Each structure stands twice: as C-alpha cells, then as structure tokens.
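Going down the list, the sequences are from chains A and B. Count the first sequence with this note's numbering and you get residues 36 to 398, in order. Count the second sequence with this note's numbering and you get residues 657 to 1260, in order. Note that the Cβ used here is the ideal one computed from N, Cα and C, for glycine as well. Here the structure is a predicted model, which is why all the values come from computation and not from measurement. For reference, the structure is listed below as structure tokens.
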Amino acid sequence: MINQTQIKNIDWILIALLVVNTMIGIAVIYSSSHHVPGNYYLRQIFWTLLSLVVLFVLLTVGYNLLVTYSLYFYFGCISILAAILIFGKLIAGTKSWIKLEFIQIQPSEITKIAIILLLARVFSEYKKKFLSKDAGLSSIFFVFMPVMLVALQPDLGTALSYIPILLASFILAGLTRKTLALLLIITLVAVIISWGFFLKDYQRDRITTLLSPEKDPLGSGYHIIQSKIAIGSGGLFGKGYGRGTQSQLQFLPARHTDFIFAVIGEELGFVGVVVIGVFYFLFLARLFQSVSKSRDRTGVYIIFMVAVMITSQFFVNVFMTIGLFPIAGIPLPLLSYGGSSLLTNYIAVSLVLNVKMRRFVNI
Amino acid sequence: MMNNKIYEDLSLVLSRARISFVIVRVLFVILILYFWKLQILDYQKFWLKSEANRIREIAIPPQRGLIRDRNGVVLAKNIASFKASLIRENCKNYDESCANISALLELEPEVLKERVDKYKSLPVFQPIVIKDNLTHEEVARIKSRQYELPELIVQTEPKRNYPFGTLASHVLGYLQEISPAEMDMEQYKHRRLGDLVGRTGIEKQYEQILAGTEGKLFEIVDSLGRGIGETSKINPVRGDEIKLTIDFDLQKKAEEILEGREGAVVVMKPNTGEILAMASYPNFDPNRFINRFTPEEWMDLINSPEFPLENRTIRGLYAPGSLFKPTIALAGLDQGLVNDSTTVVCHGSTVIYGHPFACWKRDGHGVVNLYSAIQHSCNIYFYQLGKRIGIEEIARYARMLGFGSPTLIDLPGEKTGLVPDPEWKKRVRDELWYPGETISVSIGQGPLLVTPLQIAVYTAVIANRGLKVAPHLYEVEIHEGQEIRRLQENNPGERIPIPEIYFEKIVQGMWKAVNESGTASLARVRDFNVCGKTGSAQVVSKATAEKLAKQKREIKTHSWFTGFAPKDNPEVVVSLIVEYGGGGGATAAPSGRELLELYKTKYD
C-alpha cells in the first residue's frame, strides 16, 4: 500500500502551510469567541487533530483506487443528502430537527470530495483538446444533482460552492469560445429563473443589499456595514489582538465563522491582512504548483480541482466580508470555525499529497 | 522528466492550470489593493463609524431650578423618581416584549403600544419612556428580570415637586410633556421628545431659566445595547433658581380666604409692582399630574365646570361694578365737569333717556358730592356724571388707567378684558351704541370687562396718585449661588396725564369709604389708614345665568373689594373678587381686611 519512496515524497511544506493557516485560524477564533460560551477554539483544535489523522490515514490508499470507487462515494453522498432532505422534512418543527440540521451540513461538505473524485474519473481518459458535448453534459448532470439537493435544504451557499469544481474541470478540458458563450447564457438564464422562482426573499435581499447596503442599515445591510466598519476601522496596524470593538462588542455577526476575516482586518490591521494573506497565498500557490507534479491526467484534475475549490471559497468569503459579494454563508477554508469544512479541506489536501507522493511509481 | 515515454503528455492541461493561477495572483493583488483603500484611505471614516457604534450618548436630565418665595421658602423643588423605558432595538420579538412588559408593569398592551408609537420617530436604540413615577416595588420587579428583558430599563430622573401642593398653583403652573408642535419651535430646539416642559405659570414663563442644560453620558455598549462602561461624562447644568415676589404667608392667607369660594385675590406693592400674593380658587395640586401620561385626574380638571386650571386673576373676566366709579370721577374732574362743590341729589332712582336707573340704596343718599359719592358708592351721582362725560371719553380714561389692555405681568395667557365704545360695538356686534349703555358703563356694568389683576394695577395707580406700575412676579434669579437680575425691571414710572390733585380727591373718597362708615368700612384696620372701594357686579350675561341655573345656585352678584394702605406712602394693594359672593361690602371687604391686617403685622 505505501512504501518508503512514497513517504519520502510526502510534501511536508504543503502540510506545514496547511497547519500554519489552520493555527492562524484558531488564534483568531479564540480572539473572536473566547468571551462567549462554546469553547470554539478548543473544538477547532480537536477537529484539526482529527483531520490530520484522517489526512495521513487516507494517504495509505492510492488515489487511483479512490477514483475507481468514486461513483460509489458519489451515490453514497447523494443518497444521504436525499435522505436528510426527506427525513428532515418529516420531523420538521420538533426539537430533534435542530440536531439533524447540524448533521445536514456535514454530508454537503464531504460531497465536495466525492464530486472531485467523480469528475477526475470522468476526465481521466479524456484526450480531446476541448470539452466535448458528452463529457460536458454528463459532468453537469453529476454536479447538478447535489447542487439541487443542497439548495433544497436550503443551503444555497454550499450548493453554489460545487460549481467552481465543475468549472475547474471544464477549464482543464478546454473551453472553446462557443462553449464559454453557451455556459454564460445558461448561467444567466439560471440566475433569472432562480431569482423569479426559487430564491427566498432574504436571499434576494442579500443580493440587492450588495448594491446599496445603506438602504436598510439595520436589516439585510447590517452584516455588510458592520463588517466593512470592522475592517476599515482597523487601519494600518489594527486595534490589537482581542481588542477589536466591532468583534468584541458583538456588532460583527458570525465573527468566528463566516466573518472571521473582518476580525483579522479589525484587530490586526492592514499589516495583519497582508501577512495572513501572504501565508494563505503561499498555501494556494503550493497547491497550484503541485498540479505539474502529477504523473497522470487524473492527478492533474484532482489537484487543480482542489486548488480551485479552496481558492474560490477563499475569494467568495473575503469578497463577502468587504461587501463585494452577496452574503453566501460560505466559510473561509482553514480559518473559519467549522469541523466539517475543516475536515473536507484536509481530505482535499490529502488527495493532493496522495497524487504528489505517487508521481514516481510505475503503473 | 527523465522518462517521458512512460508518462502521458500533460502539457496542454498544465498550461491551462498555470494560466488559471495567473488569474488567482491578479485577484490577490486586487484584494490587497481593496484592503488598502478600506483600511488606509477610508480609515478615518470607518474609525468614526466604529466609535459611533460602540459609544452611546445618554442624556442626563438636569435638575430644574427651584422656585422660592421672596423670603426663600421653596415653592417648587425636585425629587428623585424612576421611569421605565423600552429600547426597541433590544427586543428580540416586539410583540412578545410588549406582552411581557405589559404584564410586568400592569399596563394594558394596547396602551403600551400606543405610548411606544408616539415616539416611533426616535432612533431604535433610544429608550422610550413607557411608565414614570414607578414605585420601589415596580423598580425591583424590573431589575429582577433585567437579563430576560434587556429592552426594559429603569432610569432615574428628577421629578418636579410642589411641597405645598395647591399653594400658588396658578402662579407656579405645572409641567407637561413637550408636544410635537413645541418640538419644532426655536425655543425648545435643545429639548428631546419626552421631556417635560412648563405648561403654564412661572414654569412656562421662565422655562429657559429654570430648565438648565442637559448632561451627556458617553457609554460603551455592545451590539445588544447593554452598557459595558462609561467613557466620559458631561455633567448637567442645574437650572437657575427663581425668587418670586410672592410672600408665602400672604399667599397662604389669600388662599384660605378663598377656600371654598370661587374667586381671585391679588396682593401687590403699588410702588414697585411686586405681586405679594396671587390666588385663584378652585385650585389644583400640580403634583398629581406631573407625568407623561395624561391621567384621569387631569382630564377631570380640564373638564370641570369651575375651570380649576384657570388663573382667575389674569384670565377671569368680570364686570368691575362700582370699582369703576373712581375712573368716572377722575374723568369728570379732569374734564372740569365736576369739582368738590358739585352735588347731586339721590332719591334712590332716576330716569335717564326714558329708562329708570336705580341706586343700590332704595331710599337714596340724599345730597352727595364727589367724596360721599365714592364713600357710599352712589349710583345716581355717577349716572349723571357718566352721561355728561360720554362713552368715548369714558373709554379713553378707562384705557388710560389700564383697562382693555394686558398688564404685561410675567405670566402666560393674560386676558385683556374689554373697554366698550361705539366703534367696538359697530365692529363686533354691528349695532349702534345705545345712550343707555353709557349709563350702565358709568357704574361698571354693561359690556365692560376687567381682570382682578387689572383692578389691582388700577388701584395701585390711584394709590400712586397717577404713577403707572408694572406688576411682576420675578424678583431675582439665583445663578450658582449668586443673585442676578437678568430681567430688566419693567417699571415705567410713567405718569398718567391726570393731575395728581385729582387722584388725591379719589383717595380721599376711598379713605372715607373705609374709615367713615362708607361701603367698605368692614375693611378698616386700626392704625393703617386703609383706603378702599367695594363693588357688587351684576351677573347679567345669559351664559353665566344658565350656568348658575344648572348648578341650582341663587343668582348673586360678584363681590368685589379693592384697596390700599396706608393712605400716604402706600405699601400694599389688595384686590379681590368672590364670585356670587353678594354685596362687596359684606363679603369681599372683610376678606380684604384680613389680608391688610396680616401685611401690617408682618411688615410694619
């Protein structure tokens, strides 16, 4: 299963960057939540240790094997998502529903891994120069299923976070101008239809708020305004660790989860943002550079999709905190509090390591 | 790669991945630039916003200035009181909050919502007063549920208190919540919705002096509006004290005299215009309705047929009756129509312009001259004289002596009264002046209307032998322990263009009325040389008669007395009216004596 060469080729620098970013996250989680009950930082440490164990255990299984069984993982996830949707609805309104809600989030995160593996399988033998109709439609279908199921929960943010993974595979497969135009039209139509029929009022508010948050400063604009105030008032050096008035006095919503970057901006200032940004950039750069360290197409797809998945979430989250993107409820990978998200990202990085360490092995 | 043949050619996908990473790098640069804009370029703007977020300004109400009498007795002070306020921002669920709070404070939910709605224009974090004058038990109840109901808070505020209750209630006035209309006025621009402001009396007149300046507390709050600590504080500035010209003892006596009888009393210093006492009955206890929410008691007072809220000394309009006779006498003297030797024979009645006019004394006064006409208040003398003077001249002299225009006392809402003349009648009633009306006016009847204060000022002018006087209640204000007189004493010291000698004759007649068994002899005070005049004003108006009939009361005349003492260098003027008191000599004059006696024992 695993041999000396492979162990020698484990990318310790990537693991180090992963853990450093996670630790930065824990430090900020502590600052933003130590004064409220819940011990979030301790829980995050526990999840980190657990995720590290999973990361290393998964390295023992070759990624090709994982890709081979990807269809099973995928359908496993789909059935869990569907089951939760039906089961959750049956007992809606009772107290046990809240517990179930907590579990609901988990499969939708792990599903990202299943999607990556399945798409890697779809494109593993793909030799054409550009994306074909068959490959395109089948992969759209595979991603559309979990998107619908999660959107119905309803967790639109997570559902939409699957799309960049699909897009990543399309980019590698190659997009002609025609396909690109077609995709844009489909997106536009989907947006218009969902605006009219599927989006709930609060979701529409979040988007319109983006354009003019001052219209409703205590309603839907509140989060964006408070977040921007937090970041802007941090200035060059910030208000000091644990001393952000916006976060400590609880003006900032979801401080330790979705809006954690606003805490960084407020307490550590522009300098802190740049330093932490650089660490994050190094981590993402390492992921993107790992793409060329794969010996086969499957590996290239896996690493690239992981890199795009984490990168897209990073940008969506940070743009959200500065009011350039609607509030989507997407956590900042590695930095935000949240066990399932952390575990998913560690598994994703584990796949990258898996591909890299096996690059010199003959088939 | 050393053995390219084993591995497939991935150059195309790898180049695509590289290009994608270029986009990521560009996005990173954009991100950093945007943070530069937010955190460096716009820093000041956001920093101010975050400070405004966390720092809340809380108004600290100032203590209202005390009101004292001329000797320092405190007539209006402040006591601590608790009020409950709702902070809408902190309501998790507004309807639920209302339900909880209405149960806790024993308020009807609709009433509660109505109160909150009244202030819905205020920012959501600002406390809205929903109940004031809380009992200690209510305060304890709210405090015990502080954590469940962060939206409900208890604040202390100084509350106005009048230690003597009804005493001088019309002079002092009372406070009421500022109205939306007042909020727009320049004079109240620093006040807040929910503030109490002077509504009548001195409290209104000197609102600016008494109100003081609000203090501010800057408090750090969390997003739920819970106070976490203070940052700084600007102390409120207490309003200045006002010392009134009122004399506590005379005021008390004046009210005792009226007790149970509708009427009004004015005691003043004729030379300076200082009001020593000003009483009106029925009165009210302002302590009972100083709160924000108009209680039933106040509504009862407003709707009462006796108008207890009205200050009759400046707002009660009465016919002056015989008190007007000195005006006629002065006009006659000044016009040269009469002198000391002019006499009239009174048979008890006379016929003028074909109508019979009666004297109050049916048997008649016999031969009367100027002095005895005033002394015994002979109607016939003044009918004759009035007829000769004519209404135009009567009106001119009446106005000269202060009737028909406000005395300009420092109290809000003073009425002007009415001095009728043909021009007035034409304008208001579109009718011609009947000569018979002149005869009525000559003895202070007809459409002629005066306030008790106008009578006091008129009496002072006579006592001063023609020197005008401006009545006032403000004596001095006390700013940080220092007496300062911010208001110019409005004493014109002007002389009325009637020779002093004529006033002397009127004074002589009034002295006789008191001291030589005249109509006002019951006002006599030993060794005080009181001069006085009584009046019994007929209540002729239809409305008043109906009002009396409704109350099943005997229709009596209003009983007047006005006088001053001593005759030379007068010190005090007393004017009073008892509504439906009957004859002035029998009812009002003895009351006048009591006040003059008290003045004499206290100040002589």
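Min CB distance B:Arg672 to chain A below 7 Å: Walking along the second sequence from the start, residue 672 of chain B turns up at place 16. It does; some Cβ of chain A falls within 7 Å.
Beta-ladder partner(s) of B:Arg1180, from DSSP: Here residue 1180 of chain B refers to the residue found at position 524 when the second sequence is read from its first residue. DSSP output for B:Arg1180 lists no bridge partner at all.
Cutoff 7 Å: A:Ile126 Cβ touching any chain B Cβ: Within the first sequence, the letter at position 91 stands for residue 126 of chain A. Summary for A:Ile126: the model assigns pLDDT 44, below 50, so the residue's position carries little reliability; its value from the coordinates is reported in the next sentence. Not closer than 7 Å to any Cβ of chain B, the Cβ of A:Ile126 fails to qualify, so no.
Alpha carbon of B:Glu915 to alpha carbon of B:Tyr937, nearest angstrom: Locating residue 915 of chain B in the second sequence gives position 259, where the first residue counts as 1. Locating residue 937 of chain B in the second sequence gives position 281, where the first residue counts as 1. Using only the alpha carbons, I get a separation of about 7 Å.
Per-residue DSSP class, three states only, for A:Thr211: The residue labelled residue 211 of chain A in the question sits at position 176 within the first sequence. In the structure shown, A:Thr211 sits in coil (DSSP, three-state: anything other than H, G, I, E or B).
Presumed contact (8 Å Cβ cut-off) between A:Ser105 and A:Arg156, rounded CB distance: Counting from one through the first sequence, the residue named residue 105 of chain A turns up at place 70. Counting from one through the first sequence, the residue named residue 156 of chain A turns up at place 121. About 5 Å; that satisfies the 8 Å criterion.
Assumed close pair B:Gly977, B:Gly1100 - CB separation to whole angstroms, cut-off 8 Å: On the second sequence, position 321 is the one that residue 977 of chain B refers to. On the second sequence, position 444 is the one that residue 1100 of chain B refers to. The Cβ separation is near 4 Å, so the contact holds.
Amino acids of chain A, ordered along the chain, whose beta-carbon sits closer than 8 Å to that of B:Tyr690: For the purposes of this step, residue 690 of chain B is taken as the residue at position 34 of the second sequence. Within chain A, the residues near B:Tyr690 are Ile357, Leu359.
Contact between the stretch 338–346 of chain A and the stretch 697–715 of chain B (3+ Cβ pairs under 8 Å): These segments do not touch.
Supposed contact pair B:Phe945 and B:Ser825 - C-beta distance, whole angstroms, cut 8 Å: Indexing the second sequence from 1 puts residue 825 of chain B at position 169. Indexing the second sequence from 1 puts residue 945 of chain B at position 289. So it is not a contact: roughly 11 Å between Cβ atoms.
Neighbourhood of A:Phe305 by C-beta distance below 6 Å, restricted to the same chain and skipping five residues each side: Numbered from 1 along the first sequence, position 270 holds the residue referred to as residue 305 of chain A. In chain order, Leu271 place their CB closer than 6 Å to the CB of A:Phe305, counting only its own chain and leaving out the 5 sequence neighbours on each side.
Collapsed DSSP secondary structure at B:His1021 in the structure displayed: For the purposes of this step, residue 1021 of chain B is identified with residue 365 of the second sequence, where counting begins at 1. Here B:His1021 sits in coil by DSSP.
Segments of 3+ residues assigned as beta strand (DSSP E) that fall wholly inside the stretch 898–972 of chain B: 919–924, 931–937
A:Phe137 - DSSP class collapsed to helix/strand/coil: Taking the first residue of the first sequence as 1, we reach residue 137 of chain A at position 102. Any reading at A:Phe137 must be qualified, since the residue scores a pLDDT of 45, below 50, and its modelled position is unreliable; the value itself is stated next. Helix.
CA-to-CA distance, A:Phe108 to A:Met183, given in whole angstroms: Residue mapping note: residue 183 of chain A aligns to position 148 of the first sequence, counting from 1. Residue mapping note: residue 108 of chain A aligns to position 73 of the first sequence, counting from 1. C-alpha separation (whole angstroms): 18 Å.
Same chain only: Cβ atoms within 7 Å of B:Gly1020, ignoring 5 sequence neighbours per side: Here the question's residue 1020 of chain B lines up with position 364 in the second sequence. Around B:Gly1020, the same chain offers Cys1002, His1003, Gly1004 as residues with beta carbons nearer than 7 Å, after the five sequence neighbours per side are excluded.
Which of helix, strand or coil DSSP assigns to A:Leu125: As a first step, residue 125 of chain A is located in the first sequence; it is residue number 90 there, counting from the start. Since pLDDT at A:Leu125 reaches only 49, below the 50 mark, its modelled position is unreliable, and the value read off the structure follows with that caveat. Looking at A:Leu125 - three-state DSSP - the assignment turns out to be helix.
Short CB-CB distance (under 7 Å) between A:Val226 and chain B: For the purposes of this step, residue 226 of chain A is identified with residue 191 of the first sequence, where counting begins at 1. In terms of beta-carbon proximity, A:Val226 stays away from the interface with chain B, with every pair separated by 7 Å or more.
Own chain residues within Cβ distance below 8 Å of B:Lys769, not counting five before or after: Sequence index remark: in the second sequence, residue 769 of chain B carries index 113 (1-based). Excluding sequence positions up to five before and after B:Lys769, its CB lies within less than 8 Å of the CB of Cys754, all in the same chain and listed in chain order.
Neighbouring residues, chain A, relative to B:Asp698 (Cβ below 8 Å): For the purposes of this step, residue 698 of chain B is taken as the residue at position 42 of the second sequence. Neighbours of B:Asp698 across chain A, judged by C-beta separation under 8 Å: Gly267.
Beta-carbon contacts of B:Pro942 that lie in its chain and below 6 Å, excluding the five residues immediately before and after: In the second sequence, residue 942 of chain B corresponds to position 286, counting from 1. Once the five neighbours on either side are set aside, the close Cβ partners of B:Pro942 are Tyr818, Ser825, Tyr830.
Residue-level contact to chain B via CB, A:Ile48, 7 Å cutoff: Locating residue 48 of chain A in the first sequence gives position 13, counting from the first residue. It does not; no Cβ of chain B falls within 7 Å.
B:Gln695 at chain A interface by Cβ criterion, 7 Å: By 1-based counting over the second sequence, the position of residue 695 of chain B is 39. Closer than 7 Å: yes.
Beta-carbon spacing of B:His1135, B:Asp1066 below 7 Å: As a position in the second sequence, residue 1135 of chain B is number 479, starting the count at 1. As a position in the second sequence, residue 1066 of chain B is number 410, starting the count at 1. Cβ distance not < 7 Å, so B:His1135 and B:Asp1066 don't count as in contact.
Contact list for the stretch 707–719 of chain B against chain A, Cβ threshold 7 Å: Within the stretch 707–719 of chain B, the residues whose Cβ lies closer than 7 Å to some Cβ of chain A are Asn709, Arg710, listed in chain order.
Anticipated Cβ contact below 8 Å, B:Gly1122 with B:Ile1152, distance rounded: In the second sequence, residue 1122 of chain B corresponds to position 466, counting from 1. In the second sequence, residue 1152 of chain B corresponds to position 496, counting from 1. Indeed, because the Cβ distance is near 5 Å, the residues count as touching under 8 Å.
Beta-bridge partners of B:Glu713, as assigned by DSSP: Working through the second sequence from its first residue, we reach residue 713 of chain B at position 57. B:Glu713 is bridged to B:Phe874.
Under 7 Å between C-beta atoms of B:Ser1266 and B:Val827: It is not possible to answer for residue 1266 of chain B, since the shown part of chain B is limited to 657 through 1260.
B:Val1229 vs B:Ala1244 beta-carbon contact at 7 Å: By one-based count along the second sequence, residue 1229 of chain B stands at place 573. By one-based count along the second sequence, residue 1244 of chain B stands at place 588. Result no, Cβ atoms of B:Val1229 and B:Ala1244 do not sit closer than 7 Å.
Residue closest to B:Asp665, alpha-carbon to alpha-carbon, out of A:Ser229, A:Val335, A:Phe354, A:Val71: If you number the second sequence from 1, residue 665 of chain B lands on position 9. Per the Cα distances, A:Val335.
Helix, strand or coil at B:Phe1013 according to DSSP, with G and I counted as helix: Along the second sequence, read from residue 1 onward, the residue named residue 1013 of chain B stands at position 357. Judged by DSSP in its simplified three-state form, B:Phe1013 adopts strand.
Rounded C-alpha distance that separates A:Leu120 from B:Leu873: Against the first sequence, residue 120 of chain A aligns to sequence position 85. Against the second sequence, residue 873 of chain B aligns to sequence position 217. Cα-Cα distance, rounded: 53 Å.
Host alpha helix (DSSP H) of B:Val730 (start-end): Mapped onto the second sequence, residue 730 of chain B falls at position 74. Premise fails: B:Val730 lies in the beta strand (DSSP E), 730–742, not in any alpha helix (DSSP H).
Closer than 9 Å at the beta carbon, the chain B residues around A:Lys164: Position 129 of the first sequence, counted from the first residue, corresponds to residue 164 of chain A. Within chain B, the residues near A:Lys164 are Leu668.
Range covered by the beta strand (DSSP E) that runs through B:Arg810: The count along the second sequence starts at 1 and reaches residue 810 of chain B at position 154. Strictly speaking, residue 810 of chain B in this sequence is Val, with Arg absent from that position. Run containing B:Val810: 808–817, per the beta strand (DSSP E) assignment.
Exposure label - B:His792; buried when at least 16 CB within 10 Å: Your numbering for residue 792 of chain B matches position 136 in the second sequence. Exposed: under 16 other Cβ atoms inside 10 Å.
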